[in-house]
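One structure below.
2 protein chains.
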Amino acid sequence: MKAVNVKQPGGAEQLQVKEFSKPLPKQGEILIKVNAAAVNRTDIVNREGKSGYNTNPILGIEVAGEVVDVASDVNIEKGTRVMGLVNGGAYAEYAVMPADRAMIIPDNLSFEEAAAIPEVFLTAYQTLFWLGGLTDEDTVLIHAGGSGVGTAAIQLAKQLTKAKIITTAGSAEKLDYCRSLGADVCINYKEESFPEEVLKATNDQGADLILDFIGASYWEKNLQSICTDGRWILIGVLGGTEVEKVNLMQLMLKRVQLKGTLLTPRSDEYKQQLTQDFSEHVLPLIQENKIKPIIDKIFKLEDVQEAHKHMEENKNIGKIILRIDEEG
Amino acid sequence: MKAVNVKQPGGAEQLQVKEFSKPLPKQGEILIKVNAAAVNRTDIVNREGKSGYNTNPILGIEVAGEVVDVASDVNIEKGTRVMGLVNGGAYAEYAVMPADRAMIIPDNLSFEEAAAIPEVFLTAYQTLFWLGGLTDEDTVLIHAGGSGVGTAAIQLAKQLTKAKIITTAGSAEKLDYCRSLGADVCINYKEESFPEEVLKATNDQGADLILDFIGASYWEKNLQSICTDGRWILIGVLGGTEVEKVNLMQLMLKRVQLKGTLLTPRSDEYKQQLTQDFSEHVLPLIQENKIKPIIDKIFKLEDVQEAHKHMEENKNIGKIILRIDEEG
């Protein structure tokens, strides 16, 4: 089968489509004929050889496709349309996945739309609810509102709670889109001071919960934007990993709760439980079109270098999808 | 009445005993004839003018004494022996306190022993249980094991859970004492690498919970000592407030939960609830002599400068008490 790996750790030019042998489903697993995969920041970190937790030579962590084979202990019918997180190996014609975290694709979604769901929606769900404990009374600040996780988080917060949603993004187009998804306060971080705007929108109290995909470059500003006893979930480092001079007294005086998290390196058991909770509470809303996957652009697998470059340019609103066409 | 205030923000030499007017109990308050108060780090920070949350000109945040007057809406008998947190004003002959957070002093304790309870035991209780969620299966790393909060935390962890207790201190004498209170692993941070010893004691997993009174100087070492998904409660900055470089990716990879906290600036309501929970679960153990206040040294109120200097020399094991003798 064809699949994408990395020649040498480095830029998008290191990605290549190569012939691999088809994986075999081990106990508890299913084999999926992949129709679509999606590009994630974690794929770029892996491409650069910087993650330290990737063991699969084939890139990619989420797929949508059809079940074509199952292990003897698995009770899923061949032909079932499924989506979900894989432990690497998504940018390929075939991939294996633990059966207990395969989600059945709602009928109203194409494979490309389904591939836009797992990673960003599970991450946003985990961050908002499992780690962030978002409630109706909260104000949540969602950075990178136009990103895959951002667009997912805005929709989830809107549909599952009455929380006030503040988001930041770098263009009017992205902010308009965020507003259409349910964001209440939309801040252009290139033109406005987001801490000032957050304080304005919260009676000078600050946000109860921050979803931080930015990291170092926003450290001080997030500290200004968070309320006393606020929760701050660190889930990405688009703005760098290293903060110079962190004042611990500020963390103590504001009694900040800072939680670092990543989804990809977590255990199979955790991913299964998260998937199950998400399926129960969110898939029905997707079926009713109240929550929708947001696709920015679809690339062919062969154009994977272009797809990575597109993400690195930060211009996307929503997900970048790889379509895997059958050979021949 | 005589009481202690600060001439100008600065060192211990700025402390003076002066004549103040006796405070009056407002609604919901009691007036206490103070027999003993205790010295806390927060008093030193206030003396230096650095806390930003102190409004009472008289220093001190905890007292033990006798109720001599009550507001009309309070139902506590005069003559009752009580201890608890005050909103400043403890280093004095008389102090007022919200009645709903006065704890009745167990019969087996002197006033000096009682004054050694509120701040450090409530802080340790809050940190271990309300914020740290300590369970029987956890390993907890308690820094500054010989300090007031350290000796309280070791006893509370030992008596209320089956958790494994690791502590650090800077002398063999302090470590022996920690062991006698229930610490399982005692590390001399001046002679050993505490992250190495913590990893050794936890099968290379790291501690589930860290009580950090040290801050900046231990930042990297705490990060090495904590387990994946570990909880890290930042409650003091004896080792400085400013961390030169914080690597956020490390916080994400280890999925650290970092919570900053302080007790003194919290609301009256919070202190009342904490006191109530503590009274229910811990006072009976104090009555049975299973948990005991640890007194390092008792000073007369007039020797308050010496008392502060003694704390700043870091040689104490347990609490430093001020005894307030009647005038004349």
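If you read the protein sequences in the order shown, they are chains A and B. For the first sequence, the UniProt record's numbering gives the first residue as 1, with consecutive numbering after it. For the second sequence, the UniProt record's numbering gives the first residue as 1, with consecutive numbering after it. C-beta: ideal position from N, C-alpha, C; glycine also.
Between the Cα of L263/B and the Cα atoms of R41/B, G230/B and L24/B, which residue gives the shortest distance?
-> R41/B
**Q.** Residue-level contact to chain B via CB, T55/A, 7 Å cutoff
**A.** no
**OP:** Determine, using beta carbons only, whether G328/A comes closer than 7 Å to chain B.
**Re:** At G328/A, the pLDDT of 47 sits below 50, so the modelled position is not reliable; the number obtained from the coordinates is stated separately. Chain B, which has no Cβ nearer than 7 Å to the Cβ of G328/A, makes this no.
Item to complete: List the endpoints of the continuous alpha helix (DSSP H) containing R41/A.
Response: R41 to R47
| Length of the line joining the Cα atoms of V96/A and E29/A | 6 Å
- Task: Reducing DSSP to helix, strand and coil, say where T264/B ends up.
- Result: coil
Report buried or exposed for P57/A, applying the criterion of at least 16 other Cβ atoms within 10 angstroms of its Cβ.
exposed
Exercise. Secondary structure at R255/B, three-state DSSP: helix, strand or coil?
Worked result: coil
* Just by C-beta distance, which residues in the segment 258-284 of chain B are closer than 9 Å to chain A? -> L258, K259, G260, T261, L262, P265 and R266
Rounding to the nearest angstrom, what Cα-Cα distance links G328/B and F20/B in this structure? Low confidence applies here, because G328/B scores a pLDDT of 46, under 50, leaving its location unreliable and the question unanswered by this model.
Three or more C-beta pairs closer than 8 Å, one from the segment 166-178 of chain B and one from the segment 135-155 of chain B: is that the case here? yes
| message | I want to see whether chain A comes within less than 7 Å of R231/B, judged by CB atoms only; does it? | response | no
- Item | As assigned by DSSP and simplified to three states, the class of G150/B | helix
Check for me: the alpha helix (DSSP H) holding A201/B runs from which residue to which? F194 to A201
Does any heavy atom of the ligand FMN sit closer than 6 Å to the C-beta of I226/B?
-> Ligands are entirely absent from the displayed structure, and the ligand FMN is therefore not among its contents.
request  = Return the chain-ordered list of same chain residues with a C-beta closer than 7 Å to the C-beta of V149/B, the five sequence neighbours on each side being excluded.
outcome  = V120, T123, A124 and F213
### Query
According to DSSP, which residues form a beta bridge with Y94/B?
K33/B
Q) If you pair each beta-carbon of the segment 132-141 of chain B with each one of the segment 91-106 of chain B, do three or more pairs fall below 8 Å? A) no
message = Which residue marks the beginning of the alpha helix (DSSP H) containing E119/B, and which one marks its end?
response = P118 to Y125
*asked:* Nearest by alpha-carbon distance to T80/B: which of R255/B, N87/B and D69/B is it?
replied: D69/B
Q: Please list the residues of the segment 210-228 of chain B that have a C-beta atom closer than 7 Å to any C-beta atom in chain A, keeping them in chain order.
A: G215 and A216
Exercise. If you measure beta-carbon to beta-carbon, which residues of the segment 238-253 of chain A are closer than 9 Å to chain B?
Worked result: G240, T241, E242, V243, E244, K245, V246, N247, L248, M249, Q250, L251, M252 and L253
- Query: Roughly how many angstroms lie between the CA atoms of I61/B and H310/A, to the nearest whole one?
  - Reply: 58 Å
If A163/B and A157/B are in contact, beta carbons under 8 Å, what's the gap, nearest whole angstrom? 5 Å
message = Closest to N289/A by C-alpha separation, out of P118/A, L31/A, Q159/A and L322/A, would be which residue?
response = Q159/A
Inset, instruction - Using a cut-off of 8 Å between C-beta atoms, extract the partners of L234/A located in chain B. - result: L248, L251 and M252
Identify whether L160/B lies in helix, strand or coil by the three-state DSSP scheme. helix
Legend entry - Local Cβ density within 10 Å of Q257/B, reported as buried at 16 or more and exposed below that: buried
Open item on the list: Pull the bridge partners of I321/B from the DSSP assignment, please.
Closed with: A38/B and I298/B
*Would you mind giving the Cβ-Cβ distance between I301/B and V67/B, rounded to the nearest angstrom? I have them listed as a contact below 8 Å.*
Inspection of the sequence shows that residue 301/B is occupied by Leu rather than by Ile. That belief does not hold up - the Cβ atoms of L301/B and V67/B are roughly 20 Å apart, past 8 Å.
Please report the residue range of the alpha helix (DSSP H) in which V304/B lies. V304 to E312
Requested in this report: Compare the C-beta of R41/B with all C-beta atoms of chain A and state if any pair is closer than 7 Å.
Outcome: no
Does V256/B have its Cβ less than 7 Å from a Cβ in chain A? yes
Which one of E112/B, A207/B and Y177/B has the shortest CA to CA distance from T139/B?
-> A207/B
Taking the C-alpha atoms as reference points, what is the distance between P293/B and K200/B?
31 Å
Cα separation between G260/B and S217/A?
21 Å
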